[in-house]
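Note sheet for the following structure.
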Amino acid sequence: MRHPIDLEALGTLFVHRVAPVAALIHIGLSSSLIDQRSRPGGPWQRLFPTIFLLSRAGPSREQLVQAALLYSGEGAMLTAFDALYLHGMRSVLPAADAIHVLAPRHSRAWGHATLHLERTDRLPKPALRRGFHVAPLERAAVDAIRRTRSIPDTRAILDEVSHYVGVQALRAELALAPRKGTTLARKLLGDSPARQLELAVMDRRPLAVPQARTPLPIG
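In the working numbering, the protein residues as written are 2 to 220.
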């Protein structure tokens, strides 16, 4: 018996073909039908416990980002590498590691292999970039630095971002950030004379490109 809803065209109703289970049930699909279509080899995929990709292809980085934000709930926003990319930064691209999302303390979501969920009481006001809520540039930069041990990556992020927000904004964000993972950035952006800071952060010599990070551009 044909389902009254065109299941093959259903994905076009959702941004990036990513749908919360509550929305699918609301339009008339049963839980059993959703489970059936998202089994291995089926036409849909379960990306997170309550989030589905209405396609057998992918998921792309963009679809994973959309799914991560929907799963993390209201008030969530991207930060770190994916947010930097959406802000237009190109010094360090998103890679095949987990998407870093900031969420309110009361969020019921949990981290997964593809999601690094950080619950926090210090949620900034998000910016909207290409349809996604992202942390402000200085917060995204500091969160990215916290997740890399690469000296070239740290220098590259500070160099590029400081041209847009200024050194003082980065210093202020670092002052509020956890100390773990930010030692090098604090040293580079410490109480240095202007010339010393220029030599340390705005170093124009070619930087070694970390081989471990495989870019997965969004879009």
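Glycine included, each C-beta is placed from N, C-alpha and C at the ideal position. What you are looking at is a predicted structure, and each value in this text was computed from that prediction instead of being measured.
{"Asked": "Three-state class that DSSP yields for Val-93 in the structure shown", "Found": "coil"}
{"Asked": "Ala-15 versus Met-90: straight-line alpha-carbon distance, rounded", "Found": "Contrary to the premise, residue 15 reads as Phe rather than Ala in this sequence. Taking the straight line joining both Cα atoms gives about 28 Å."}
{"Asked": "Alpha-carbon spacing of Val-162 relative to Leu-138, whole angstroms", "Found": "7 Å"}
{"Asked": "Assigned exposure category for His-107 - 16 Cβ within 10 Å defines buried", "Found": "exposed"}
{"Asked": "Through-space distance from Gly-191 to Gln-169, alpha-carbon basis", "Found": "10 Å"}
{"Asked": "Residue nearest to Pro-41 in terms of C-alpha spacing, selected from Val-102, Leu-25 and Phe-53", "Found": "Phe-53"}
{"Asked": "Three CB pairs or more closer than 8 Å across the segment 27-35 and the segment 65-81", "Found": "no"}
{"Asked": "Minimum C-alpha distance to Arg-172 - residue among Arg-187, Leu-87 and Gly-12", "Found": "Arg-187"}
{"Asked": "Reduced DSSP secondary structure (H/G/I, E/B, other) of Arg-47", "Found": "strand"}
{"Asked": "Beta carbon of Ala-20 nearer than 8 Å to that of Ser-73", "Found": "no"}
{"Asked": "C-alpha distance - Ala-96 paired with Glu-9, whole-angstrom precision", "Found": "31 Å"}
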